[in-house]
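Chemist: Residues in the sequence shown are numbered from 158 upward in steps of one, following the numbering used here.
For each residue, glycine too, the CB sits at the ideal point set by N, CA and C.
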Amino acid sequence: MIEIGSLHHNRLLCYSTIVAFHFRVSGFSNPFHFSSIYTASRFRTVFKVSELRRTARNSFARKLDPVYVKEFDYPGNFSKVPRMNSTLARTDVAASHSSIKRYEEGPLFNHMVTYNDVAYLAGQVASDTSDQTVKGQANQIFARIDQLLEAAGTDKTRLLSANVWLKDIQQVAEFNEAWNSWIDPSCKPVRATVEAKLVRPELVVEVQVTAALPRKLTPVQTSLAAAAVGPYHQGILLENGMIYVSGCIGLHPETGTLIDNTVEGQAKQALSNMKHILRAAGATPERVTKTLVLLKNIEDFERVNEIYKSFFSSGTYPSRSCFAVKELPKGALVEFECVAQLE
158 MIEIGSLHHN RLLCYSTIVA FHFRVSGFSN PFHFSSIYTA SRFRTVFKVS
208 ELRRTARNSF ARKLDPVYVK EFDYPGNFSK VPRMNSTLAR TDVAASHSSI
258 KRYEEGPLFN HMVTYNDVAY LAGQVASDTS DQTVKGQANQ IFARIDQLLE
308 AAGTDKTRLL SANVWLKDIQ QVAEFNEAWN SWIDPSCKPV RATVEAKLVR
358 PELVVEVQVT AALPRKLTPV QTSLAAAAVG PYHQGILLEN GMIYVSGCIG
408 LHPETGTLID NTVEGQAKQA LSNMKHILRA AGATPERVTK TLVLLKNIED
458 FERVNEIYKS FFSSGTYPSR SCFAVKELPK GALVEFECVA QLE
C-alpha cells in the first residue's frame, strides 16, 4: 500500500508517504511497517522517520492493521497536520489517560515518566558544577535519582538499566568507585558506559536509569458475598486493573453456611458470590478472562455447565479449566475462581 498526499503552505511542499511491506515465507508473517516524511524547499531537504515497527508472528500470515503517522513535526512556520485516525493513535491517547504519570515537568521534557510498572528517568546531571570531579558530580546525580525514584514509590534496589555518559572515559574508574558505594550490590542493573560530549562543558558525567515499580495490591471485600473461610481476601485488585477472585463456594453471605445440598443450588450461589466480588472491584462477568471450576463429582459436569453458561449473559465465555477433586472446603460440591480485567 502506498499513499501519497501533499500540502502547500508557506511556500513549502510536503510529501507524506506511508509504505507497508508484507513478506510471507512458508506461512510465516514477517511484516515491516514504516512511515516517513519528506519536506522539501528551495534551500533544504529534511528526512524524518516518524514511525518504525517490525513485528514477527509465528503463525499463518494474516492481514494486519496499517500503522499511520500519529503526529507530524514539520520544519517551517506552520502548524501541525492533524492526526490520522488509527488504532495506534487511540491506544496512545487511552494510555495517556489511564496509567502514564509525569513528574517534574521542565521546559523541554519531564524528569520522570512512569508507565506499565516502570519508571523512566531523564538523563540526570549535577546541579552544582563547581565540583569538577566525576565522583562529586556522580554523587549529586545519585542523590537526585534517589529523590525521583522515591517520588514514584520505588528505589534503587529495583533498578533495571543504567546509561552512563562520561566526558572522559579515562575517568570510568573514579565513576565506578562512586557507583559501587551507591548501588545495592545484590540488585545491580544492566549498564552501558560511553564517552560523550555533554550538553554543557562544565558537566563531566550524566546518568539515566529505569526502575521497576512495586505493584500496588488492593484487597476486595464485600458483604454481599460470603466471607472468606481462611486467611485470604475475597479478591485482589492490581494497579494494572487485573482482578483475582478467590475460590467461591455456595455459602450464604449472611449465615456462612451452604445454601443447600444440591450441586445446582451451590453452583448458583457460588457464582452469585463471585459476581458480587467482581462488582465490588468495578468489573462484571463479561470482563472475566479465565475461570477454574472444581467439582466434587465429575458426573456433575453437565449440570454445572448449564448454570455456568447463564452466568455469562453476553454469550462470550472466558478460558476455563475444570477438575474433579477429592474434597472441597465446608463439604461443598462445586467451587469457582476467576481472573478478570477492568475496562
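Between which residues of its own chain and residue 492 is the CB-CB distance below 7 Å, once the five residues before and five after are set aside?
Modeler: 404, 405, 406, 427, 451 and 485
Chemist: Which class does residue 404 belong to by DSSP, given the choice of helix, strand or coil?
Modeler: strand
Chemist: Distance check for residue 279 and residue 475, CA to CA, integer angstroms please.
Modeler: Distance between the alpha carbons of residue 475 and residue 279: 41 Å.
Chemist: Could you pull out every unbroken beta strand (DSSP E) segment of at least 3 residues lying fully inside the stretch 429-477, listed in chain order?
Modeler: 445-452
Chemist: Take the Cβ of residue 289 as the centre, count every other Cβ of all protein chains shown within 10 Å, and call the residue buried at 16 or more, exposed below.
Modeler: exposed
Chemist: Across which residues does DSSP place residue 492 in a beta bridge pair?
Modeler: Its beta-bridge partners are 451.
Chemist: Let me confirm a value: residue 216 is counted as buried when at least 16 other C-beta atoms fall within 10 Å, else exposed. Which label applies?
Modeler: A caution first: residue 216 carries a pLDDT of 38, below 50, which makes its placement in the model unreliable, though a value can still be read off. Label assigned to residue 216: exposed.
Chemist: At 3 residues or longer, what runs of the beta strand (DSSP E) sit wholly inside the stretch 304-381?
Modeler: 316-323, 347-352, 362-369 and 374-377
Chemist: Once you ignore the five residues that flank residue 297 on each side, which residues in its own chain have a CB closer than 7 Å to its CB?
Modeler: 283, 284 and 285
Chemist: Could you tell me the alpha carbon to alpha carbon distance between residue 368 and residue 320, rounded to whole angstroms?
Modeler: 12 Å
Chemist: Look up residue 416 in the DSSP assignment and say whether it is helix, strand or coil.
Modeler: Of the three classes helix, strand and coil, the one that applies to residue 416 here is coil, per DSSP.
Chemist: If I follow the unbroken beta strand (DSSP E) through residue 258, where does it start and stop?
Modeler: 258-262
Chemist: Is residue 306 buried or exposed, if buried means 16 or more other CB atoms sit within 10 Å of its CB?
Modeler: buried
Chemist: Should residue 172 go down as buried or exposed, given a rule of 16 or more other Cβ atoms within 10 Å for buried?
Modeler: Because residue 172 carries a pLDDT of 36, less than 50, the predicted location of this residue cannot be relied on, and the following value inherits that uncertainty. With fewer than 16 Cβ atoms within 10 Å of its Cβ, residue 172 is classed as exposed.
Chemist: Name the DSSP bridge partner or partners of residue 275?
Modeler: 272 and 369
Chemist: Determine the burial state of residue 353: buried for a count of at least 16 other Cβ atoms within 10 Å of its Cβ, exposed for fewer.
Modeler: exposed
Chemist: How long is the line joining the alpha carbons of residue 257 and residue 457, rounded to whole angstroms?
Modeler: 47 Å
Chemist: How big is the Cα-Cα spacing for residue 400 and residue 382?
Modeler: Straight-line Cα distance between these residues: approximately 16 Å.
Chemist: Check residue 497 in the structure and name its three-state DSSP category.
Modeler: Residue state, collapsed to three classes: strand.
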